[in-house]
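Start counting the sequence shown at 612; every next residue gets the next number (our numbering). Here a beta-carbon is modelled for each residue, glycine too, at the ideal position from N, C-alpha and C. Because the structure is a prediction, the values reported are computed rather than measured. Here the structure is laid out as structure tokens; the discussion comes afterwards.
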Amino acid sequence: MVGSLDDSDWKYPNVRSSLDYNSTIVIMFTSGTTGHPKGVEISHHNYISAALSYMQRVSLHPDWQQSMKGTGKDVNPIRVLGALGMHHILGQRSYSVIFPKLGVPLYLLCRPSVQDILNAVETYKISDAIIRSSMLTEIVKLFTCNLGEKLRSLRRVEASAAPMGQLTKTILEQIGVGRVTRVWGLTELGLITGHDMMACSPSESVGELHANFEGKVTDTSEPNRIVCRNTIGDIWIRAPSLSKGYYQNPEATSEAFGADGWFSTGDVGYVDNHGMWYIVDRKKDLIKVNGNHVAPTELEAVLLRHPKIMDAGIVGVAVYQDEGPRAYIVTAPESALSAAEVNNFMVDKIAPYKYLSGGISFIPSIPRNLSGKIIREQLREMAKMELGYSKGHYHGIRAVPAELASL
612 MVGSLDDSDW
622 KYPNVRSSLD
632 YNSTIVIMFT
642 SGTTGHPKGV
652 EISHHNYISA
662 ALSYMQRVSL
672 HPDWQQSMKG
682 TGKDVNPIRV
692 LGALGMHHIL
702 GQRSYSVIFP
712 KLGVPLYLLC
722 RPSVQDILNA
732 VETYKISDAI
742 IRSSMLTEIV
752 KLFTCNLGEK
762 LRSLRRVEAS
772 AAPMGQLTKT
782 ILEQIGVGRV
792 TRVWGLTELG
802 LITGHDMMAC
812 SPSESVGELH
822 ANFEGKVTDT
832 SEPNRIVCRN
842 TIGDIWIRAP
852 SLSKGYYQNP
862 EATSEAFGAD
872 GWFSTGDVGY
882 VDNHGMWYIV
892 DRKKDLIKVN
902 GNHVAPTELE
912 AVLLRHPKIM
922 DAGIVGVAVY
932 QDEGPRAYIV
942 TAPESALSAA
952 EVNNFMVDKI
962 APYKYLSGGI
972 SFIPSIPRNL
982 SGKIIREQLR
992 EMAKMELGYS
1002 KGHYHGIRAV
1012 PAELASL
């Protein structure tokens, strides 16, 4: 509609930016848990797209809506604790774009201890926290006294990295933390999944795909064949937030980035009938026992149910002519635990082929990177030293512990 004939020649001005939104804004490095870290080129478009997908989910909760509207209350209902570093893709985007845009108070901790986290929650009346799963397990097992009082203000926790275990989730929810959920993301894509802020979610699920994300699961031996729901396979994701590729690494880029926009995540998992996603493990970390795949994270989750086990890591080692899981265990302070006790604890909780046939080793701490992921290569190096590994052989040393052999 025009007001007069003089206005009929009016045109919208050209407001397009001269800047290329596909240009690189940042290069972030992958965790390198299954190989050398790779530099991921992330464009302006990728960065903002991932942030918008996350904001769309959290902004649906009434507490967050009240916070964003600025209702004039003296105390903001949302106070976020960021316990992930800026090197972490979720940490960087959350701290630099998402939470400032949503207008919520944000409290950052640089490489915090579990005591730092507890102090921050209690002092600043934190309502929402983003924390590594392993730190949640430490909190639950180290601070059993007055934990509910220390975490009284905490309403929601999103855990990153490895599974936290059902015991940790149950204890936190029993003391009053309303929602304890695990999310999934990759440096190449940003945060991929999350849980409905208003609904109950399966404990082991990483949630539903964020807005503008597509996912598929394919047969591990036939990449072009999509498997049925509830069937484990290779996970592929397509989204506007997918990065440009790996910096100066065309070989790795062509291997993971498909021509049709699908990205090979390197994770093995499945999606259920309700659209909830489950991550089994990194494909390269799976242990092949007598033709069966064993996921280290599954065994770690079972071990963490033991009250005397603070942390655990699993790797595959040579056992006779096969491969078997070897456990590295950190015991709780002032706790005595034997390999026989661990094996007996596992017997009725896992299938026999998943038994710790590679042995058990007790160590002071599990090597983890800054994102909280287990550095399994270091555990494999430990195994080589302990089992006499040299030039691809184990010198006939039996990795099967005597306690297990008698089961």
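- In the three-state reduction of the DSSP assignment, Leu-719 falls in the strand class, which pools E and B.
- Taken through DSSP and simplified to helix, strand or coil, His-647 comes out as coil.
- The beta carbon of Ala-731 is closer than 7 Å to those of Leu-692, Tyr-718, Leu-720, Ile-737 in its chain, skipping five residues each way along the sequence.
- The beta carbon of Gly-886 is closer than 8 Å to those of Glu-819, Leu-820 in its chain, skipping five residues each way along the sequence.
- With contacts defined by Cβ atoms closer than 8 Å, Gly-805 and Val-828 do not form a contacting pair.
- Secondary structure at His-904: strand, using DSSP grouped into helix, strand and coil.
- As computed with DSSP, Ile-742 is found in a beta bridge with Ala-770.
- Taking every protein chain shown into account, the CB of Val-958 has fewer than 16 other CB atoms within 10 angstroms, so this residue is exposed.
- The region 843-861 makes contact with the region 646-658; the number of CB pairs closer than 8 Å reaches 3 or more.
- Rounded to the nearest whole angstrom, the CA to CA distance from Asp-739 to Ile-782 is 17 Å.
- The continuous beta strand (DSSP E) containing Gly-826 extends over residues 825-829.
- Residue nearest to Asp-896 within the set Ile-890, Pro-688, Pro-907 is Pro-907 (criterion: CA-CA distance).
- Between the region 930-940 and the region 868-879 there are fewer than three C-beta pairs closer than 8 Å, too few to call the two in contact.
- Residue burial annotation: Glu-911 is buried, with at least 16 other C-beta atoms found within 10 angstroms of its C-beta.
- Within 10 angstroms of the beta-carbon of Glu-799 lie 16 or more other beta-carbons, which makes it buried.
- Under the three-state reduction of DSSP, Ala-938 is assigned to strand.
- Going by C-alpha positions, Val-953 is about 47 Å away from Ile-659.
- One thing to note: Ile-974 has its Cβ within 8 Å of the Cβ of Val-941.
- In this structure, the straight-line span from the alpha carbon of Ser-670 to that of Ser-816 is close to 21 Å.
- Contact between Ile-709 and Met-666 is confirmed by a C-beta separation of about 6 Å, below the 8 Å threshold.
- DSSP lists no bridge partner for Asp-959.
- Taking Tyr-735 as reference, the option from Glu-749, Pro-723, Val-725, Leu-762 with the minimal CA-CA separation is Leu-762.
- With a cutoff of 8 Å on beta-carbon distance, Ile-803 and Ser-771 are scored as not near each other.
- Of the residues assessed, Glu-866 falls on the exposed side of the cut-off, its CB having fewer than 16 other CB atoms within 10 angstroms.
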